[in-house]
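K.L.:
So that you can map any letter, position 314 of the sequence shown is 313 in numbering that gives the first Met the number 0, and since no number is skipped, the others follow by simple counting.
Here you go, one structure.
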Amino acid sequence: MSVLTIRKMFKLQTLCMLLSLFALPLTAAFIQPDMAVQVANTWQRYNPSGASATTTGFKVERFTGTSFVPCNPSYDKTAADLPNIYLVKYNDGSFVLLSADDNALPVLGYSVAPAGEFRSYSPEFITWVANYDRQIDAIKEYRIELPDYTRQWNEMLRGEIRLDTRTDRAVQPLLSLTWDQGWPYNELCPADAAGPGGHVYAGCVATAMGMVMKYWNHPTTGVGSKSYYAYGYGYQNANFGATTYLWDQMPNSVGSSNIPVATLLYHCGVAVEMGYAADGSGAQSSDAADAMNDYFRYPNAQILNKMGYTDSAWTTLLQAQVDNGSPMYYSGSGSGGGHAFVIDGYDTAGYFHFNFGWSGYNNGYFYTSNINPGGSDFNQWQSAIVNSIPENYSIANTRIKMRSDIASVGDNMALTVSTNPILGSWNINHYEFQLLYDHQFLSYSGANLGGTIASGGNVTVLESEPGILSIVWNSTGKLIGAGDLINLNFIPNDAGEFLFDIGGMMLNSSPVTNVNYLMANVIAPVASLGESHISLQNVMHLGYQQVGTTEIRTTYLLPSWNVTHYQFNLGYDPAKLEFVGMDETGTLSEGCEPIVTLVSPGTVSVSCDSDVEFVGVGAIIKAQFRAIGNGPSLAVTQVVPSVFFFNTMPITSVGSANFILSASSETEDVVAAIRPNLSISPNPVRDIARISFSEKAIEDTDLLVYNLRGQLVRKLTLERTEAEILWDGKDTFGRSLSSGVYFVHWEQGSVSGESKIIMLKQ
């Protein structure tokens with residue numbers, strides 16, 4: 000994956016002059032691994048990217064010059080082969096890269112983004128670390144003393160971080176991509192059985208170019224064509240002008256065959272006359288800039304070399320590109336050649352974020368300035384392609400689009416509005432638009448800015464009339480880059496495809512016309528009316544002559560099914576239970592008058608007709624029975640529904656209810672059960688719900704949380720003598736529940752009830 004010729008590290012004449020300035024008596028101290036871990040943990044807690052990071056579970060490795068190997072617990076300081084660099088790897092894939100000498104910069108690079116277990120080290124990462132390694136070798140060999148680094152080490156070992164930082168902002172990584180050079184990204188590259196997936200590597204140059212272009216989703220079509228001879232693989236051809244690049248079919252990560260992504264990376268390779276090989280493909284970075292100009296409609300793309308800049312001037316140049324929302328193709332070289340990747344962000348301390356194009360592994364923030372003032376090689380062989388902005392790019396043709404995953408009726412539907420890159424030079428601190436949606440089948444339930452590029456501002460959402468949301472966002476800062484603008488939540492009440500459309504889109508005062516509508520897909524929890532499921536709730540610990548209530552519950556009934564009639568029989572043991580009646584309060588049948596007929600001892604028939612459709616999920620109706628068969632020991636009896644119909648459709652998936660009769664005698668005094676009141680605060684709930692009863696529980700109370708599909712998602716138990724319990728909005732497995740409507744069914748002794756709770760997540 001070599002892109003630059005190997006060059007000598009130092010010119011002797013220049014070095015001798017510099018050594019006269021920097022050579023002092025050596026007082027540097029070796030950093031032991033435990034000291035490096037101490038500083039790494041401090042850095043992760045207070046890192047200048049502004050993101051939180053883990054400090055638990057780690058391994059320490061040392062750099063050998065070409066790879067990382069496990070580190071000893073400690074080293075003899077007089078040994079000849081002491082480490083120059085440590086890598087502290089945390090279990091979630093984040094890391095801190097540190098020097099092993101207190102006369103060198105303490106933290107060379109770091110990552111706070113979990114990336115999973117380290118799969119491998121990218122060649123680009125190894126090359127970059129090797130550059131640090133050679134600089135530290137030079138610092139030690141020529142006894143260069145850098146007291147500012149020693150001061151930083153001492154401060155960090157005391158748990159302090161005092162850096163020369165920007166105080167105004169950091170720019171989070173502009174790219175969400177975790178692309179790679181191997182399979183399946185290389186699917187259209189020349190075949191070679193020795194390569195990943197039976198093909199040669201796509202090459203770091205092509206991958207870096209492709210990631211920059213995917214960020215912009217540009218061009219729609221290229222310009223011209225090209226053919227060249229690739230040694231060992233024959234002629235390679237690409238017709239850029241005849242190709243439509245399918246950006247919407249290029250995801251952030253690819254795990255299986257994806258021809259649109261493979262086409263882009265192969266075309267990038269042909270454009271730079273990639274030298275393909277099974278163990279790594281390479282090309283010249285200068286050719287990448289020319290290719291973006293000539294074939295891909297980036298007319299201002301220009302390659303600049305760091306050798307013509309001071310460290311501070313180069314840092315300012317790179318920050319200006321990122322501030323404008325423009326990620327950069329970047330290359331650096333070392334003894335093993337050169338490698339290309341993408342710079343797409345920076346932190347407040349001047350570390351730049353690298354995306355190495357290695358499936359997200361090793362991505363992080365790295366120091367680009369020379370850590371050895373006496374060296375020149377590190378500065379000279381870095382370059383960046385700047386101003387990689389599509390032709391004729393303006394506010395007016397910025398693309399706004401929407402996306403939504405498939406949702407189920409009754410569950411939360413999350414709709415996200417996103418934008419193609421917004422340039423920092425546009426100074427966008429305001430947007431507004433109207434969102435049109437089908438209010439007959441969708442109910443708006445809230446909005447948030449969590450995880451969006453607009454999270455630093457404030458948004459108002461007003462439903463000016465049914466089906467039209469007016470959305471206005473303002474901020475004291477400005478939008479930069481591509482990403483989501485707002486997340487909106489809806490609750491669908493029917494299955495089908497539903498239209499969302501945007502009108503009046505404005506960025507500041509400029510209209511945006513390149514706006515895509517969306518047809519969102521909603522599926523039914525069950526595919527048809529005949530597949531509906533009926534369930535009954537159990538009644539626990541029913542004392543003699545006490546009345547218990549069971550709910551007859553259904554899966555979601557869609558409006559399009561036009562259910563206006565139901566009927567069923569309930570069977571029970573007349574020696575154990577006495578039928579009391581039906582209760583429509585708080586059910587889908589509320590407002591109807593069901594017809595109830597005692598068919599025979601132990602069988603009751605229920606039918607109900609409505610002028611409007613039964614729509615929704617949960618209790619259709621409630622049935623009440625009195626316990627009359629209590630004996631000297633606990634007894635179990637069942638209430639069993641049968642011959643159940645919705646309209647004329649028989650429902651065969653039907654469950655029964657267990658009635659648990661407490662031990663008692665018929666002659667004991669019967670005390671009427673006191674029915675406590677239940678309250679939920681706050682409601683809607685965004686974080687923690689306080690569920691309170693009006694009276695302290697006289698025995699343990701079960702609280703069962705159901706979603707709109709009738710699925711039990713959490714069981715809570717209120718202990719005896721307590722009156723309230725807190726619920727963290729999570730299911731049985733500790734996962735946060737999505738926004739939507741839930742039901743809390745409670746059973747306390749012989750009485751029970753149900754309350755509705757609305758969850759609105761940020």
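Where is the CB? At the ideal position from N, CA and C, for every residue including glycine.
Would you mind working out which of 359, 41 and 182 sits nearest residue 55, comparing C-alpha positions?
P.N.:
Checking every option, the nearest Cα to that of residue 55 belongs to 41.
K.L.:
Give the straight-line distance between the Cα atoms of residue 246 and residue 645, rounded to the nearest whole angstrom.
P.N.:
Their backbone Cα atoms lie some 47 Å apart in a straight line.
K.L.:
Thinking just about the alpha-carbon of each residue, which of 273, 257 and 220 is nearest to the one in residue 236?
P.N.:
That would be 273, whose Cα lies nearest to the Cα of residue 236.
K.L.:
Which of helix, strand or coil does DSSP assign to residue 271?
P.N.:
Residue state, collapsed to three classes: coil.
K.L.:
Can you say whether residue 642 is buried or exposed, counting buried as having 16 or more other CB atoms within 10 angstroms of its CB?
P.N.:
Exposed, by the Cβ-count rule.
K.L.:
Could you check what DSSP says for residue 611 in three-state terms: helix, strand or coil?
P.N.:
If DSSP states are grouped into helix, strand and coil, residue 611 belongs with coil.
K.L.:
In terms of residues, what are the limits of the alpha helix (DSSP H) holding residue 762?
P.N.:
The structure shown does not extend to residue 762, since the chain is modelled only from 0 to 761, so the question has no answer here.
K.L.:
Quick one: give me the first and last residue of the beta strand (DSSP E) that residue 765 is part of.
P.N.:
Any answer about residue 765 is impossible in this case: the structure gives the chain only from 0 up to 761.
K.L.:
Can you give me the C-alpha to C-alpha distance between residue 286 and residue 270, rounded to a whole angstrom?
P.N.:
Residue 286 and residue 270: Cα-Cα distance of roughly 8 Å.
K.L.:
Suppose you measure from the CA of residue 671 to the CA of residue 543; what does that come to, to the nearest Å?
P.N.:
Any reading at residue 671 is ruled out, since the residue's pLDDT is 42, under 50, leaving its predicted position unreliable.
K.L.:
Quick check on the burial criterion: 16 or more other C-beta atoms within 10 angstroms. Buried or exposed for residue 132?
P.N.:
Residue 132 comes out buried.
K.L.:
Nearest-angstrom Cα distance between residue 219 and residue 514?
P.N.:
C-alpha separation (whole angstroms): 16 Å.
K.L.:
Using only alpha-carbon positions, find the residue among 620, 589, 610 and 567 that is nearest to residue 596.
P.N.:
Here the closest residue by C-alpha is 567.
K.L.:
Given this structure, state the Cα-to-Cα distance separating residue 81 from residue 100, to the nearest angstrom.
P.N.:
Approximately 10 Å between the Cα atoms of the pair.
K.L.:
Would you decide whether residue 695 is buried or exposed? Buried here means 16 or more other CB atoms lie within 10 Å of its CB.
P.N.:
That one is exposed.
K.L.:
Could you check which residue in 32, 478, 71 and 185 has the C-alpha nearest to that of residue 323?
P.N.:
The residue with the shortest Cα to Cα distance from residue 323 is 478.
K.L.:
Going by CA-CA distance only, name the one from 760, 737 and 679 that's closest to residue 753.
P.N.:
Out of 760, 737 and 679, 679 has the C-alpha closest to the C-alpha of residue 753.
K.L.:
Which same chain residues, not among the five before or five after residue 317, have their C-beta less than 8 Å away from its C-beta?
P.N.:
Counting only Cβ-Cβ distances below 8 Å, and skipping sequence neighbours, we find 327, 342, 345, 351, 367 and 383.
K.L.:
Counting only the same chain and skipping the five closest in sequence on each side, list residues whose C-beta sits under 6 Å from that of residue 731.
P.N.:
Result list for residue 731: 713, in chain order.
K.L.:
Pick out the complete alpha helix (DSSP H) segments inside the stretch 290-342, 4 residues or longer, and give them in chain order.
P.N.:
Listed in chain order, the complete alpha helix (DSSP H) runs (minimum 4 residues) inside the stretch 290-342 are 310-322.
K.L.:
Using a Cβ-Cβ cutoff of less than 6 Å, which residues in the same chain neighbour residue 410 once the five nearest sequence positions on both sides are dropped?
P.N.:
If we look at residue 410 and ignore the five residues flanking it on each side, its Cβ neighbours are 739.
K.L.:
What residue range is occupied by the uninterrupted beta strand (DSSP E) comprising residue 503?
P.N.:
Taken as a continuous stretch (DSSP letters only), the beta strand (DSSP E) holding residue 503 covers 495-506.
K.L.:
Tell me the DSSP bridge mates of residue 100?
P.N.:
Looking at the DSSP assignment, residue 100 forms a beta bridge with 29.
K.L.:
Residue 747 by DSSP, collapsed to three states: which one?
P.N.:
In this structure, residue 747 counts as strand in the three-state DSSP scheme.
K.L.:
Should residue 402 be listed as close to the ligand PLP, given that the test is whether its C-beta is under 8 Å from any heavy atom?
P.N.:
With respect to the ligand PLP, the structure offers nothing, as it holds no ligand at all.
K.L.:
Where in the stretch 433-474 do unbroken runs of the beta strand (DSSP E), each at least 3 residues long, occur, reported from the N-terminal end onward?
P.N.:
Those beta strand (DSSP E) runs which fall completely within the stretch 433-474 and span 3+ residues are 441-447, 457-464 and 467-473.
K.L.:
With distance defined between alpha-carbon atoms, name the residue in 275, 462 and 256 nearest to residue 442.
P.N.:
Selected option, being the one with the closest Cα: 462.
K.L.:
Taking its Cβ as the centre, do 16 or more other Cβ atoms sit within 10 Å of residue 276, making it buried, or is it exposed?
P.N.:
Residue 276 should be labelled buried.
K.L.:
Run through DSSP, which three-state label would residue 388 get?
P.N.:
Three-state DSSP puts residue 388 in coil, outside helix and strand.
K.L.:
Between residue 306 and residue 172, what straight-line distance do the alpha-carbon atoms span, to the nearest angstrom?
P.N.:
One C-alpha to the other measures close to 26 Å.
K.L.:
Among the candidates 529, 453, 483 and 633, whose CA atom is the shortest distance from the CA of residue 539?
P.N.:
Taking only the C-alpha atoms, the option nearest residue 539 is 633.
K.L.:
Could you tell me the distance, in whole angstroms, from the CA atom of residue 778 to the CA atom of residue 74?
P.N.:
Nothing can be reported for residue 778, as the shown portion of the chain is limited to 0 through 761.
K.L.:
Helix, strand or coil, according to DSSP, for residue 754 in the structure here?
P.N.:
Residue state, collapsed to three classes: strand.
K.L.:
Secondary structure at residue 264, three-state DSSP: helix, strand or coil?
P.N.:
If DSSP states are grouped into helix, strand and coil, residue 264 belongs with the helices.
K.L.:
For residue 91, which residues in the same chain have their Cβ closer than 6 Å to its Cβ, ignoring the five residues on either side in sequence?
P.N.:
Same-chain partners within the cutoff: 53 and 113.
K.L.:
What's the gap between the Cα of residue 187 and the Cα of residue 298?
P.N.:
About 27 Å.
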